[in-house]
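First to last, the protein sequences are chains R and A. Those letters in the first sequence? Residues 1 to 197, by UniProt numbering. Those letters in the second sequence? Residues 1 to 197, by UniProt numbering. The beta-carbon is built from N, C-alpha and C at its ideal position, and this holds for glycine as well. The structure under discussion appears below in the form of structure tokens.
Protein chains: 2
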Amino acid sequence: MTSYESEKLAATLKAAREKKGLSQRALSSRAGVPQSHISKIESGAVNLTVSSLTAIANALDLELALVPRKAAPAVRTITRSVNDVPKATPETRKEIARLAKQVDHLRSLEIDTPAVETLQRHFRELRQFENLIRNTDALRSIRETLKAVDDAGGVSALREATNQMSSFRNALAHGLTEENRTRLPRPAYRLDGGDDE
Amino acid sequence: MTSYESEKLAATLKAAREKKGLSQRALSSRAGVPQSHISKIESGAVNLTVSSLTAIANALDLELALVPRKAAPAVRTITRSVNDVPKATPETRKEIARLAKQVDHLRSLEIDTPAVETLQRHFRELRQFENLIRNTDALRSIRETLKAVDDAGGVSALREATNQMSSFRNALAHGLTEENRTRLPRPAYRLDGGDDE
DNA sequence: GAGTGTGATATATTTAAGTATATCAAGTTG
DNA sequence: CAACTTGATATACTTAAATATATCACACTC
Numbered sequence: 001m002t003s004y005e006s007e008k009l010a011a012t013l014k015a016a017r018e019k020k021g022l023s024q025r026a027l028s029s030r031a032g033v034p035q036s037h038i039s040k041i042e043s044g045a046v047n048l049t050v051s052s053l054t055a056i057a058n059a060l061d062l063e064l065a066l067v068p069r070k071a072a073p074a075v076r077t078i079t080r081s082v083n084d085v086p087k088a089t090p091e092t093r094k095e096i097a098r099l100a101k102q103v104d105h106l107r108s109l110e111i112d113t114p115a116v117e118t119l120q121r122h123f124r125e126l127r128q129f130e131n132l133i134r135n136t137d138a139l140r141s142i143r144e145t146l147k148a149v150d151d152a153g154g155v156s157a158l159r160e161a162t163n164q165m166s167s168f169r170n171a172l173a174h175g176l177t178e179e180n181r182t183r184l185p186r187p188a189y190r191l192d193g194g195d196d197e
Numbered sequence: 001m002t003s004y005e006s007e008k009l010a011a012t013l014k015a016a017r018e019k020k021g022l023s024q025r026a027l028s029s030r031a032g033v034p035q036s037h038i039s040k041i042e043s044g045a046v047n048l049t050v051s052s053l054t055a056i057a058n059a060l061d062l063e064l065a066l067v068p069r070k071a072a073p074a075v076r077t078i079t080r081s082v083n084d085v086p087k088a089t090p091e092t093r094k095e096i097a098r099l100a101k102q103v104d105h106l107r108s109l110e111i112d113t114p115a116v117e118t119l120q121r122h123f124r125e126l127r128q129f130e131n132l133i134r135n136t137d138a139l140r141s142i143r144e145t146l147k148a149v150d151d152a153g154g155v156s157a158l159r160e161a162t163n164q165m166s167s168f169r170n171a172l173a174h175g176l177t178e179e180n181r182t183r184l185p186r187p188a189y190r191l192d193g194g195d196d197e
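Have a look at this one:
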């Protein structure tokens with residue numbers, strides 16, 4: 001194997017893991033391969049066995065295939081087309097998870113339950129577009145607003161955060177944020193912004 | 001790796017080698033992997049490294065690919081469509097090689113040069129259909145006839161062999177032999193059977 | 001029968017993959 | 001700041017892949 005090919009394989013595995021938002025330790029659990037070994041594999045430091053490769057690939061929802069050389073370009077095209085479905089970046093996943101935690105926390109405060117339920121609904125709707133989020137500033141801003149609910153902002157801060165979510169979701173749906181507008185996976189459509197409150 | 005998968009991989013490699021008409025020793029030379037090891041690999045007795053797999057695969061005009069699970073059916077389809085181009089079986093290749101040797105031998109005898117040239121032309125035309133031959137009895141029969149040229153048959157045996165080749169080629173072209181008729185790679189067309197003699 | 005080819009198998013050796021476990025430096029969170 | 005996470009790295013050990021070489025049984029050819 002040329003070093004170019006082993007580098008490609010290592011890079012493919014690393015990219016796939018990151019794309020799924022897994023740490024090496026999480027992948028280690030899934031694949032049954034020690035984390036230290038995964039680190040070496042990803043850095044191209046070992047020539048792994050087919051069974052190790054298969055275990056890791058399967059844990060990453062990949063399959064090992066032997067394809068005729070003349071079919072390789074077509075296979076690459078297919079792989080790319082599947083991979084081109086937008087996925088949430090690891091950063092986005094983290095911010096969404098933090099936001100989810102914050103929303104859960106507010107639920108346990110038992111304040112103005114209808115307003116919290118509205119917030120939750122908007123959060124669920126925002127999550128449907130999480131694959132399109134490429135800049136997490138808006139998510140962080142919403143989280144700051146939700147923190148203010150605890151501090152003293154109360155219901156007005158809650159509503160502010162809900163509005164922010166709604167605006168952000170709408171912008172994503174319209175592809176109007178700084179996100180890559182060619183990545184919109186659906187026809188543009190209009191959303192009503194005033195369906196409650 | 002499940003044993004089903006390692007069996008599949010071994011079978012794939014063996015089938016690919018046979019399809020190319022290579023012996024394990026020939027593949028060994030091409031891939032730089034000892035023949036004894038290839039034997040073990042094909043029987044599924046070892047868990048080979050990715051570099052060994054890649055070396056062997058490349059020698060068989062295959063590429064290793066990691067494809068998303070959801071794309072695996074499409075990849076299998078592509079692989080199958082490339083593989084479905086008919087190829088001569090190893091047995092057919094052998095018989096064709098033997099026949100070629102026999103024809104060469106007759107050339108060196110310097111008998112009735114026009115008849116030998118006709119034979120050669122018919123042999124070349126037959127070879128264009130060698131991918132379709134699935135039963136080598138006809139080839140063996142032609143070879144026996146050619147042997148009779150040496151013995152005492154002379155030019156009449158030569159002509160008999162030429163006719164046999166011509167008939168076999170026509171039958172292949174028409175898909176009228178016991179070969180699988182769905183494998184005809186071209187529209188059926190009519191050949192003139194009496195273009196010489 | 002001698003010679004050749006083929007795939008399977010054996011032997012001895014070297015190399016490194018794989019494993020378990022621990023630790024480190026850096027980053028993040030509350 | 002303490003606690004946790006992350007990926008990289010180290011250590012010691014086991015296991016087996018890989019290699020070189022040879023041989024066998026069988027099939028085929030002349």
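Under the three-state DSSP convention, the category residue i falls into
i, result
"A88 (chain R)", "coil"
"P34 (chain A)", "coil"
"L48 (chain A)", "coil"
"L9 (chain A)", "helix"
"L146 (chain R)", "helix"
"L62 (chain R)", "strand"
Nearest neighbour of residue i, chosen from the options [CA to CA]
i, options, result
"T77 (chain R)", "A:A88, A:R80, A:A65", "A:A65"
"T145 (chain R)", "R:R134, R:Q164, R:A72", "R:Q164"
"R107 (chain A)", "A:D150, A:D137, A:L9, A:R80", "A:D150"
"A100 (chain R)", "R:K40, R:L119, R:T113", "R:L119"
"A157 (chain R)", "R:R121, R:A115, R:N135", "R:A115"
"E95 (chain A)", "A:V82, A:K20, A:R140", "A:R140"
"E63 (chain R)", "A:S166, A:E5, A:T136", "A:E5"
"A152 (chain A)", "A:F123, A:L109, A:K20, A:A31", "A:L109"
"V155 (chain A)", "A:E117, A:Q128, A:G21", "A:E117"
Nearest-angstrom Cα separation, counted from residue j out to residue i
i, j, result
"A171 (chain R)", "V75 (chain A)", "37 Å"
"R17 (chain R)", "L27 (chain R)", "7 Å"
"D104 (chain R)", "R93 (chain R)", "16 Å"
"V33 (chain R)", "A55 (chain R)", "8 Å"
"S29 (chain R)", "H37 (chain R)", "12 Å"
"L126 (chain A)", "A97 (chain A)", "13 Å"
"T12 (chain R)", "E91 (chain A)", "41 Å"
"R124 (chain A)", "S166 (chain A)", "11 Å"
"L22 (chain R)", "L53 (chain R)", "17 Å"
"S81 (chain A)", "A173 (chain R)", "40 Å"
"R159 (chain R)", "F129 (chain R)", "21 Å"
"A57 (chain A)", "A57 (chain R)", "19 Å"
"T113 (chain A)", "Q102 (chain A)", "15 Å"
"N83 (chain R)", "N83 (chain A)", "26 Å"
6 Å Cβ shell around residue i - same chain, five flanking residues per side excluded
i, result
"N47 (chain A)", "none"
Beta-carbon gap between residue i and residue j smaller than 7 Å
i, j, result
"F168 (chain A)", "A138 (chain A)", "yes"
"I142 (chain A)", "A161 (chain A)", "yes"
"T79 (chain A)", "V50 (chain R)", "no"
"A10 (chain A)", "E42 (chain A)", "yes"
"R69 (chain R)", "D61 (chain A)", "yes"
"A88 (chain R)", "N135 (chain R)", "no"
"A71 (chain A)", "A31 (chain A)", "no"
Check: residue i C-beta below 6 Å from any heavy atom of the ligand MN
i, result
"V33 (chain A)", "No copy of the ligand MN occurs in the structure displayed, which carries no ligand at all."
Contacts around residue i, its chain only, beta-carbon distance under 8 Å, and the 5 residues preceding and following it disregarded
i, result
"E7 (chain R)", "G44"
"Q24 (chain R)", "R17, Q35, I38, S39, E42"
Close beta carbons around residue i, own chain, < 7 Å, minus the five adjacent residues each side
i, result
"K20 (chain R)", "L60"
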